[in-house]
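Visitor: Sequential numbering from 217 applies to the sequence shown in the working numbering. Note that beta-carbon positions come from the ideal geometry of N, C-alpha and C, so glycine has one too. Here the structure is a predicted model, which means the values were calculated and not measured.
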Amino acid sequence: MAEPQARNPLHGITLEAMLNELVAHFGWPELGYQIHIRCFVLDPSVASSLKFLRKTPWAREKVESLYLFMRREQARMAKTPTGTDTPST
Numbered sequence: 217m218a219e220p221q222a223r224n225p226l227h228g229i230t231l232e233a234m235l236n237e238l239v240a241h242f243g244w245p246e247l248g249y250q251i252h253i254r255c256f257v258l259d260p261s262v263a264s265s266l267k268f269l270r271k272t273p274w275a276r277e278k279v280e281s282l283y284l285f286m287r288r289e290q291a292r293m294a295k296t297p298t299g300t301d302t303p304s305t
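As structure tokens, then:
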């Protein structure tokens, strides 16, 4: 029997960890711009945002989607050469 979570990129990542990484990467103002949710714009905090996201499936899906996008972009940027290569002579 195949494991149902084997292909889930969010398996083992808590909502709080996702939110903390998004806030560290984007900051509250940009996060509120990317995902139009009042708890990200008006007096934002991790606790109030978690409370809202746990009760609101559509908002949680948007946060998970942005988190996966951010992780893909970080992986893509890590693979991109930085241009610091010097030609060997």
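To the nearest angstrom, how far is the alpha carbon of E232 from that of L266?
Guide: Translated into the one-based positions of the sequence shown, residue 232 becomes position 16. Translated into the one-based positions of the sequence shown, residue 266 becomes position 50. Roughly 7 Å separates the two Cα atoms.
Visitor: Tell me whether the region 280–300 and the region 252–262 touch, counting them as touching only if at least three CB pairs, one residue from each stretch, are closer than 8 Å.
Guide: no
Visitor: Is the separation between the beta-carbon of V279 and that of L238 shorter than 8 Å?
Guide: One-based indexing of the sequence shown puts residue 279 at position 63. One-based indexing of the sequence shown puts residue 238 at position 22. In this structure, V279 places its C-beta atom within 8 Å of the C-beta atom of L238.
Visitor: Are the beta-carbon atoms belonging to R276 and L284 less than 8 Å from one another?
Guide: Indexing the sequence shown from 1 puts residue 276 at position 60. Indexing the sequence shown from 1 puts residue 284 at position 68. Cβ distance not < 8 Å, so R276 and L284 don't count as in contact.
Visitor: Looking at the structure shown, is G248 part of a helix, part of a strand, or coil, going by DSSP?
Guide: Indexing the sequence shown from 1 puts residue 248 at position 32. DSSP places G248 in helix when its eight states are reduced to three.
Visitor: Mapping the DSSP letters down to three states, classify H241 as helix, strand or coil.
Guide: As a working note, residue 241 is residue 25 in the sequence shown. Assigned with DSSP and collapsed to three states, H241 falls in helix.
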